[in-house]
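So the sequences go chain by chain: D, B and H. Numbering follows this note's numbering, with no gaps: position 13 of the first sequence is 13. Numbering follows this note's numbering, with no gaps: position 303 of the second sequence is 1303. Numbering follows this note's numbering, with no gaps: position 147 of the third sequence is 2147. Notes for the one structure printed next.
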Amino acid sequence: MKQKAGWPAIVFLAPALIVYTAFSAWPLLATLRLGLYATDDAGHVAFAGLANFHKLLFDEHWWGAFRNAMVNNVEFFAIHTLVQNPVALLLAALLSLRGVRGAPAYRTVLFLPTLLSVVIIGFAWQLILSPLWGVTEKLMGLVGLADHFGPWLGQEDTALPTIALISVWQFVGVPLMLIYAALIAIPEEVVEAAQVEGAGPWRIFWRIRLPLILPTLGLVNILTFVGNFNAFDLVYAVKGALAGPNFASDLLGTLFYRTFFGYQSEVGSATMGAALATLMFFVILAGVGLYFFVIQRRLQRVAG
Amino acid sequence: MSTVRLSHVSKSYGNNPVLHDIDLEIADGELVVLVGPSGCGKSTLLRMICGLEPITAGELRIDDRVVNDLPPAQRGIAMVFQSYALYPHMTVRGNMAFGLQIAGASRADREARILAAAKALHIDHLLDRRPRELSGGQRQRVAIGRAIVRQPKLFLFDEPLSNLDAALRVKTRIELARLHRELAATMVYVTHDQVEAMTLGDRIVVMHEGRIQQAGSPLELYEHPANRFVATFIGSPTINLVPATTQACSAAGIRVEVHAGCVVDAPIDGSALAPGQRVELGIRPEHLSVADGAGADVRECLRFGGEVTLIEQLGESHLVYVRCADGLELVARAPGHTRLRIGDRIGLEAGPKALHVFDAQGQACRRTAAG
Amino acid sequence: MTTPARIGAIGRTALVHLTLGGYCLLVLGPILLVILNSFKTRAGIFDAPLALPTHDTLSVAGYARVLGDAAMGRMFLNSFVVTGLSLALILLLGAMAAWALTEYRFFGNRLLALFLAFGIMVPIRLGSVAILQEMVALDLVNTLTALVLVYIAQGLPLAVMILSEFVAQVPQELKDAARCDGVGEFRIFFQVVLPLIRPAVATVAVFTMVPIWNDLWFPLILAPSEQTQTVTLGVQQFVGQFATDWNAVLAALSLAVLPILVLYAVFSRQLIRGITAGAVK
């Protein structure tokens, strides 16, 4: 039963709202607005309507960079969806089985990479994958695959997938925890009832457990989507702001950074950066909107 | 339908024993109720029969076949869980069909069985609903329906009525009794409510601290409790327990002294007792009558005097709470027309045939033929 | 008694542990590699990267160099201050906001909740251009304050959402009883409600603290100066500068990871309990 609000309610709510509005909500709106302005070479800022967006989408130079980053982001997202989330599902399913000894220890260890900063992750994996240091080559040699080794991080066509897989390694912990929490929320008696009716472990997973965690799986996917389209840190740590080789690992995040901050000889443009951020915002909004209004409702219905 | 036999079954979790040496036989078509206070092991025992808990030692036979290592699905059983455990994401029909699908029943066969069970339980209009749209009573019936359609040899019920409100509980209890008669099925039923046990069970198994205290028909348990625990567990309100001392003991009868001047002969086999031993007398409230002061021979009748502290009026009878001078508190069931008030000094008496005697270990002493 | 059922069960258990254990190796491998090699000499690192530090190769030269560098200490201090302060304020402000939104009826209650929840889905980084401009205007560039303010804004939405779940579970009777006794709203919040949502605090702490400590973006954009560098940014630059000084680099990385590992070890049980208690729904 809710209380009627008096001035205490305002005191409780105000600080959080003020900080959030001032440093998160308003800047976002301001950025959207800034995207409608352009900076000329002299540094003057003037209203320019949709000129920036026009440039981004139709100017050969900008469009090339934007499309490249966008395509990379999609690939990045695809790898996460196809690798990270199924692996998290598998690990969570195994962890949540009754009577797995050492489950707490496993849980603790599996969540570790998520705690590490991209700096150590980036560096550690660069080291491991480095042809000079030879760790990976040696390990692959142990299983007879030494011929397949290559300097993946340095090659145009393998740089992004490799970084994506490193990112998967880092972030499996989050969907793992979410799915795990959802799995153990399934009442034990429901699973037992299925056992008594003759369902084996596979059937129990596919027909009982999985349907009941579909909303969580949906949530995991949308969080992956948002997180991927916001990605920057790992690429920056491993490849620097230029996201080489030859922009093969460029993501919207690194493009955004370069655009508004500038790099090497090119001066940063706050307005172009703002325009790019606006586009990113709409991409994310579209994805989230699609999820909430189409998918999530269906998933809730199936899961009862 | 089938028989169940437990031989020297025990269960421990690691070093922690929870069930000790259980021996029990359940005949074909019987409804056996496992009853006892929380933690007595009744649910554990049920789950062991079901196959959800491993048996540490001993043998479990269903239809003369040792099933200790068989998974639940191969034992020919169906279980109704306390929380009903319906599959939340399936419709009622889906819930009832699940087990049949696994067993490979044809669609026509499935539909027929589901419809028949649903009609019998009056849930045929709910077949397309989801569990969250159903009331507690309806969910319970779906849980029972799910068990029925599989036509198991043995039904197991784990406190199925405990989540229902009082009125619904009584109604459902009657329906379960009817179901038992109609299906003529072997059922094992767990509850902590002794009224449920008494009304439903062909036989009742009273359990306490992992052991069977007594197994028998409801009347047997009521009239001849094997020990103090069973005597206090069965019967509401609880049996009165009065400390006493033996004065003379023989196989034909004993004489006990309750308090100074109050001595009575009871038709109890006292061969295991000696004079001067402390025992406990059990007298059920319904066997204590308000004395009319007609001055009967003190040796024939046990008499107590005290002050009325509370009267609970039930309509057809009253529960009269009396405190005696020496601090002894008794409950008596008096007929509804009795007019008493708090503070009245009254006498309560009980005939020797109504006495239960428990030795110092709490074991009941046998009644002689005359008792 | 090895019945077929038992063998199947043992086989299944083995598979489970193989998978979980195997992945654990994948998780621990790279981390251990870095830490182990940080204790070796350069030669040791290069010649036999997979080997444990032996008598010959054991060396703490890297650590000596890193710890001797005053900059490292300052970076740690910066990270601690920023993370600690942000976390404390996120928890306090977040709990207060969660309480206000769940407990009180007022116009726009649901709208404001939605407004805050929006921040979970939309990354704060998108507004970086304007944030930087704001900080310039407020003269907060290259200050830790800028970082703290931004991180609070970043962490509030999720914190409020998780804390709201827990605040809603506080028994109504407790609040009613306190109000009947004439206890003021502030006291109710600080003395009744706050202690009861402690399990949530650990969950929020871990989910909030880690992204702040590990963040590269905002330190890079708002506070890249030497005085205000956080450990994450500083080590990143360090790695870039001293790419060939392996000992020092590995030592720096190992050190950078330590505080988080320690805090995690302390909080992990609470975290699990918080998550499984329904904090993440």
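For glycine and all other residues, C-beta sits at the position ideal for the given N, C-alpha and C.
Closer than 7 Å: residue i CB and nearest the ligand COA heavy atom
i                      : result
residue 1222 (chain B) : Ligands displayed in this structure: none; no statement on the ligand COA is therefore possible.
Distance, residue j Cα to residue i Cα
i                      : j                      : result
residue 2022 (chain H) : residue 180 (chain D)  : 18 Å
residue 1133 (chain B) : residue 2259 (chain H) : 50 Å
residue 1297 (chain B) : residue 1262 (chain B) : Legend: pLDDT at residue 1297 (chain B) = 49, less than 50; position of this residue unreliable, value from coordinates given subsequently. One C-alpha to the other measures close to 11 Å.
residue 1157 (chain B) : residue 1150 (chain B) : 15 Å
residue 1306 (chain B) : residue 1345 (chain B) : 6 Å
residue 2240 (chain H) : residue 127 (chain D)  : 14 Å
residue 2281 (chain H) : residue 161 (chain D)  : Confidence is the limiting factor: at residue 2281 (chain H) the pLDDT is only 47, short of 50, which leaves the residue's position unreliable and the question unanswerable from this model.
residue 1304 (chain B) : residue 1324 (chain B) : 7 Å
residue 2101 (chain H) : residue 3 (chain D)    : 10 Å
residue 68 (chain D)   : residue 248 (chain D)  : 8 Å
residue 1318 (chain B) : residue 1235 (chain B) : 16 Å
residue 1363 (chain B) : residue 1329 (chain B) : 22 Å
residue 112 (chain D)  : residue 2164 (chain H) : 27 Å
residue 956 (chain B)  : residue 1145 (chain B) : The displayed coordinates of chain B run from 1001 to 1371. Any statement about residue 956 (chain B) would go beyond what the structure contains.
residue 131 (chain D)  : residue 118 (chain D)  : 21 Å
residue 1348 (chain B) : residue 1288 (chain B) : 6 Å
residue 2237 (chain H) : residue 188 (chain D)  : 51 Å
residue 253 (chain D)  : residue 203 (chain D)  : 42 Å
residue 108 (chain D)  : residue 2268 (chain H) : 7 Å
residue 144 (chain D)  : residue 138 (chain D)  : 10 Å
residue 2074 (chain H) : residue 1016 (chain B) : 55 Å
residue 2114 (chain H) : residue 2161 (chain H) : 10 Å
residue 256 (chain D)  : residue 2015 (chain H) : 45 Å
residue 2199 (chain H) : residue 2166 (chain H) : 9 Å
residue 2145 (chain H) : residue 287 (chain D)  : 34 Å
residue 2170 (chain H) : residue 238 (chain D)  : 46 Å
residue 116 (chain D)  : residue 2180 (chain H) : 49 Å
residue 1005 (chain B) : residue 1043 (chain B) : 17 Å
Coil, strand or helix - residue i by DSSP
i                      : result
residue 1439 (chain B) : Because chain B in this structure spans residues 1001 to 1371, residue 1439 (chain B) falls outside the shown range and cannot be described.
residue 1304 (chain B) : strand
residue 1244 (chain B) : strand
residue 1133 (chain B) : helix
residue 1228 (chain B) : helix
residue 226 (chain D)  : helix
residue 293 (chain D)  : helix
residue 1162 (chain B) : coil
residue 1203 (chain B) : strand
residue 1254 (chain B) : strand
residue 1375 (chain B) : The structure shown has nothing for residue 1375 (chain B), since chain B only spans 1001 to 1371.
residue 1265 (chain B) : strand
(request) Below 7 Å between beta carbons is the criterion; list the residues of the stretch 2 to 14 of chain D that meet it against any residue of chain H, in chain order. (result) 2, 3, 4, 5, 8, 9, 12, 13
(message) Which runs of the alpha helix (DSSP H) at least 4 residues long sit entirely within the stretch 1049 to 1104 of chain B? Give them in chain order.
(response) Complete alpha helix (DSSP H) runs here, min 4: 1092 to 1103.
(message) Please identify, using Cβ separations under 8 Å, the residues of the stretch 1052 to 1065 of chain B that lie next to chain D, in order along the chain.
(response) 1052
(request) Take every Cβ of the stretch 2014 to 2028 of chain H, pair it with every Cβ of the stretch 2197 to 2206 of chain H, and state whether three or more of those distances are shorter than 8 Å. (result) In this structure the stretch 2014 to 2028 of chain H does not lie against the stretch 2197 to 2206 of chain H, because fewer than three pairs of beta carbons, one per stretch, are closer than 8 Å.
(request) Pick out the complete alpha helix (DSSP H) segments inside the stretch 2020 to 2053 of chain H, 4 residues or longer, and give them in chain order. (result) 2042 to 2047
(message) Can you pull out the residues from the stretch 1082 to 1093 of chain B whose beta carbon lies closer than 9 Å to at least one beta carbon of chain D?
(response) With the criterion set as a beta carbon lying under 9 Å from some beta carbon of chain D, the members of the stretch 1082 to 1093 of chain B are 1082, 1083, 1084, 1085, 1086, 1087, 1088, 1089, 1090, in sequence order.
(message) Taking contact to mean 3 or more Cβ pairs, one atom from each stretch, closer than 8 Å, check whether the stretch 1167 to 1181 of chain B and the stretch 1090 to 1104 of chain B are in contact.
(response) Per the Cβ contact rule, the stretch 1167 to 1181 of chain B is not in contact with the stretch 1090 to 1104 of chain B (fewer than 3 Cβ pairs under 8 Å).
(request) Identify each residue in the stretch 208 to 236 of chain D for which the Cβ-Cβ distance to at least one residue of chain H is less than 7 Å, and report them in chain order. (result) 226, 230, 232, 233, 236
(request) Entirely within the stretch 2218 to 2250 of chain H and at least 4 residues each: give me those alpha helix (DSSP H) ranges in chain order. (result) 2231 to 2241
(message) Which complete alpha helix (DSSP H) runs does the stretch 152 to 197 of chain D hold, if anything under 4 residues is left out?
(response) Counting whole runs of 4 or more residues, the stretch 152 to 197 of chain D contains the alpha helix (DSSP H) stretches 156 to 171, 173 to 184, 188 to 196.
(message) Across the stretch 2150 to 2158 of chain H and the stretch 18 to 34 of chain D, are there enough close Cβ pairs to call them in contact, namely three or more that are closer than 8 Å?
(response) yes
(request) Please confirm if the stretch 1192 to 1207 of chain B is in contact with the stretch 1219 to 1238 of chain B, defined as three or more CB-CB distances below 8 Å between the two stretches. (result) Counting C-beta pairs closer than 8 Å gives three or more between the stretch 1192 to 1207 of chain B and the stretch 1219 to 1238 of chain B, which meets the contact rule.
(message) Short of 9 Å Cβ to Cβ, which residues in the stretch 96 to 117 of chain D face chain H?
(response) Closer than 9 Å at the C-beta level to chain H, one finds these residues of the stretch 96 to 117 of chain D: 97, 99, 100, 101, 102, 103, 104, 105, 106, 107, 108, 109, 110, 111, 112, 113, 114, 115, 116, 117.
(message) For the stretch 1006 to 1022 of chain B against the stretch 1050 to 1064 of chain B, do three or more pairs of beta-carbon atoms, one drawn from each stretch, fall closer than 8 Å, so that the two count as touching?
(response) Contact holds: three or more Cβ-Cβ distances are below 8 Å.
(message) My parser needs the alpha helix (DSSP H) runs of 4 or more residues fully inside the stretch 2097 to 2129 of chain H; what are they?
(response) 2109 to 2121
(message) So within the stretch 1168 to 1200 of chain B, which uninterrupted beta strand (DSSP E) runs reach at least 3 residues, ignoring any that extend past its ends?
(response) 1186 to 1191
(request) Kindly confirm or deny that the stretch 209 to 221 of chain D and the stretch 158 to 172 of chain D touch, where touching means at least three C-beta pairs closer than 8 Å. (result) With fewer than three CB-CB distances shorter than 8 Å, the stretch 209 to 221 of chain D does not count as touching the stretch 158 to 172 of chain D.
(request) Could you tell me whether the stretch 1037 to 1056 of chain B touches the stretch 1234 to 1249 of chain B, where touching means 3 or more Cβ pairs closer than 8 Å? (result) Judged by Cβ distances under 8 Å, the stretch 1037 to 1056 of chain B makes no contact with the stretch 1234 to 1249 of chain B, as fewer than three pairs qualify.
(request) Could you tell me whether the stretch 2180 to 2200 of chain H touches the stretch 2117 to 2132 of chain H, where touching means 3 or more Cβ pairs closer than 8 Å? (result) no
(request) Output, in sequence order along the chain, the residues in the stretch 2060 to 2091 of chain H whose CB is closer than 7 Å to any CB in chain D. (result) none
(request) Could you tell me which uninterrupted beta strand (DSSP E) segments, each at least 3 residues in length, are contained entirely in the stretch 1303 to 1340 of chain B, listed from first to last along the chain? (result) Note on the stretch 1303 to 1340 of chain B: whole beta strand (DSSP E) runs with a minimum of 3 residues are 1317 to 1324, 1329 to 1335, in chain order.
(message) Restricting to runs no shorter than 3 residues, where is the beta strand (DSSP E) found entirely within the stretch 2155 to 2207 of chain H?
(response) none
(request) Name, going along the chain, the residues of the stretch 117 to 129 of chain D whose beta-carbon falls closer than 8 Å to a beta-carbon of chain H. (result) For the stretch 117 to 129 of chain D, which is checked against every Cβ of chain H, the residues closer than 8 Å are 117, 118, 119, 120, 121, 123, 124, 125, 127, 128.
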